[in-house]
Amino acid sequence: MSFAELSLIPALLKGIEECGYTTPTPIQSRAIPEALAGRDLLASAQTGTGKTAAFMLPALQLLSEPVAKRRGAPRVLVLTPTRELANQILEATRTYGRHLRTRYSLLLGGMPYREQFKALQDSPDLVVGTPGRVVDHLQRGSLDLSRLEILVLDEADRMLDMGFKDDLEKVIGKAPSGRQTLFFTATLDRAMADLAGRMLREPVRIDIGGRQKTHDAIEQRLHVTDSRQHKEKILQHLVADKEINQAIIFSATKRDTDSLARELSAQGHRVAALHGDMSQQARNRTLRDLRQGRIKLLVATDVAARGIDVTSISHVINFDLPMFAEDYVHRIGRTGRAGAAGTAISMASAAETAALGRIERYIGKSLPRQVIPGLEPTRGLDARPARNSRGPARSGAPRKPGDRSARSPERGKREFPAKQRGERSAPIIEYRSRRSDHQGGVATGR
Ligand code: AMP
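The working numbering applies: residue 264 is where the sequence shown begins, and numbers increase by one.
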């Protein structure tokens, strides 16, 4: 199938061609015709599948038909979990829509209000924003959703994980019931299905099995480690690899992110840190430096790195394993972008045995172990894997019921309180269990 067969207008076809896209990805060829026909969508698609264009091209096509405007009342609203992802979406939108006269505005948390008020006064057709700030503007009266025609939720699962459920409900409450809703999520469990069930009207269900595809292009390895010092030595060895074009190094906490970046910088690497405590300006600058190749190594937390789409990233290094298996998939998806090959190297100490067990069950294979001569571990990992998602994760101690804040063993708070995920019973609407093809694992319920 070609883009021309998707009934897109010539101005959009031209924009797509200039992006170098020749054929639609599976999510695009399935979602675009349905969205253009005005249907609601419930789409399960991982990052890297081309989902941004899948919702943005139909939205831009709608906006190409002019209507009378009102200040602060967009026709399309895209909600995303993080500022980085919002920026990325807007950038892609500008590219796809470069031959259209669409007005865009970004409503991001952590940014000054004044410019956002001004942008809303300029009657944007399309707003991309993070839920908290969008709700702020609704409450201040600067944003009016009464004319909303399309509501897009991108990475809805992540928005729920980050505690934006109430904000999403508030947005839904203010949007016209006749709107079209395009709901994108990487995973669909009961909580998601519940939310989707309340938001969508007779949605078309699209399920793109992007996960396996992503993995095939990415070589994955694991180093068993004894201690943090051991990890640091392995990291030092790994980053000296000439094969690395650019790498993202993931660590669990903001504090670690800074200290690792400092250590690597002292070793002579072009490195920067990226985490949620940095100002938006500093984050933008870091991402620009990464994109332009001024930095080679980026040490980041999960939240900050969400949505980074830089095709030159050849390696992802997990200095710490993520608490949840889905985050592992998101992390390694930062490499192997747009069909390129990638390498994902993880380190795990005995305290991370349970997290490793969850990841391996989730992806359906064990990570090949690798040993660096001279840096061999002196002991193996705990032989007992986690039995389910509520099992001990990093510290070895079970989390108490209601303890939503996942902590790393000794080094401060995580980037955001991860939602505790437990087993759930029957779904409200049909959904695909993320555990369907594996035994056990973290993935089923939230
Ligand atoms: P996304 O899943 O929207 O983050 O897109 C992942 C990557 O695929 C981005 O780098 C896009 O620019 C790229 N991409 C999206 N659609 C296509 C397409 N039809 N052909 C080639 N690359 C694409």
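Glycine residues also receive a C-beta, built at the ideal position from the N, C-alpha and C atoms. A quick note: this is a predicted structure, and the numbers were derived from the prediction, not measured.
If you measure from the CB of residue i, is any heavy atom of the ligand AMP nearer than 7 angstroms?
i	result
ALA316	yes
GLY392	no
PRO287	yes
GLN291	yes
ARG572	Note that residue 572 corresponds to Asp in the displayed sequence, not to Arg. Checking every heavy atom of the ligand AMP against the Cβ of ASP572, one is found closer than 7 angstroms.
LYS448	The amino acid occupying residue 448 in the given sequence is Thr; Lys does not appear at that position. The answer is no for THR448.
THR312	yes
SER284	First, the residue type needs correcting, since residue 284 is Tyr and not Ser in the sequence shown. Because some heavy atom of the ligand AMP lies under 7 angstroms away, the Cβ of TYR284 counts as near it: yes.
Quick check on the burial criterion: 16 or more other C-beta atoms within 10 angstroms. Buried or exposed for residue i?
i	result
ILE626	buried
THR606	buried
TYR376	exposed
GLN492	exposed
VAL339	buried
LEU269	buried
GLY283	exposed
GLY599	buried
GLY278	buried
ASP430	buried
ARG647	Unreliable placement is indicated for ARG647, whose pLDDT of 43 sits below 50; the coordinate value is still reported in the next sentence. Flag for ARG647 reads exposed.
GLN530	exposed
ALA313	A quick correction: the sequence has Gly, not Ala, at residue 313. Flag for GLY313 reads buried.
GLN633	exposed
GLN384	exposed
Are residue i and residue j close, meaning C-beta to C-beta below 8 angstroms?
i	j	result
ARG366	ILE413	no
VAL397	LEU325	no
ASN368	PRO344	The amino acid at residue 368 is misidentified as Asn; the sequence shows Ser. The answer is no: Cβ separation not under 8 angstroms.
THR488	SER629	no
VAL391	LEU353	yes
ALA510	LEU445	no
LEU523	PHE582	yes
GLU589	THR450	yes
ARG554	HIS593	no
GLN379	LEU389	no
ARG518	ILE558	no
Have a look at the options and flag the residue whose alpha-carbon is nearest the alpha-carbon of residue i.
i	options	result
ARG302	LEU463, GLU280, ARG377 and MET319	LEU463
PHE318	LEU401, ASP417 and GLU506	ASP417
GLY426	ASP452, LEU451, PRO394 and GLN402	PRO394
SER327	GLY311, GLN309 and LEU271	LEU271
PRO289	ILE471, LEU458 and VAL467	ILE471
LEU537	ASP457, ASP552 and MET422	ASP552
ALA617	LEU644, GLY596 and ASP572	LEU644
THR204	GLY539, ASP590, LEU348 and ASP430	Outside the shown range of the chain, which is 264 to 709, sits residue 204, and nothing can be said about it.
ALA322	ARG421, ARG548, ALA449 and ARG357	ARG357
GLN351	LEU383, GLU639, THR315 and GLY360	THR315
ILE635	LEU276, LEU371 and HIS486	HIS486
SER490	ALA449, LEU389, LEU638 and VAL467	LEU638
MET541	LEU389, ILE558, GLU281 and ALA563	ALA563
SER440	LYS428, MET422 and ARG461	ARG461
ARG361	ALA274, VAL467 and ASP385	ALA274
ALA456	LYS437, GLY436, ARG333 and ALA419	ALA419
GLY311	ALA300, LEU348 and LYS332	LEU348
Roughly how many whole angstroms lie between the Cα atoms of residue i and residue j?
i	j	result
ASN508	GLY556	9 angstroms
THR244	VAL579	There is no way to answer for residue 244, as the model of the chain reaches only from 264 to 709.
LYS381	LYS494	48 angstroms
ALA336	SER405	9 angstroms
ARG346	LEU550	12 angstroms
LEU363	ALA355	13 angstroms
THR286	ALA294	14 angstroms
GLU297	PHE447	14 angstroms
ARG525	SER577	22 angstroms
ILE512	VAL330	47 angstroms
ALA454	PHE266	34 angstroms
GLY373	GLN543	7 angstroms
TYR591	ASP565	9 angstroms
ALA459	LEU305	7 angstroms
ILE571	GLN402	30 angstroms
LEU276	VAL573	23 angstroms
TYR359	ARG410	23 angstroms
ILE497	GLU482	18 angstroms
PRO585	GLY620	12 angstroms
ILE622	PRO631	13 angstroms
VAL502	LEU527	9 angstroms
GLY596	SER609	13 angstroms
LYS428	GLN309	20 angstroms
GLN291	LEU320	9 angstroms
SER307	ARG484	27 angstroms
GLU465	ARG334	31 angstroms
ASN547	ARG421	21 angstroms
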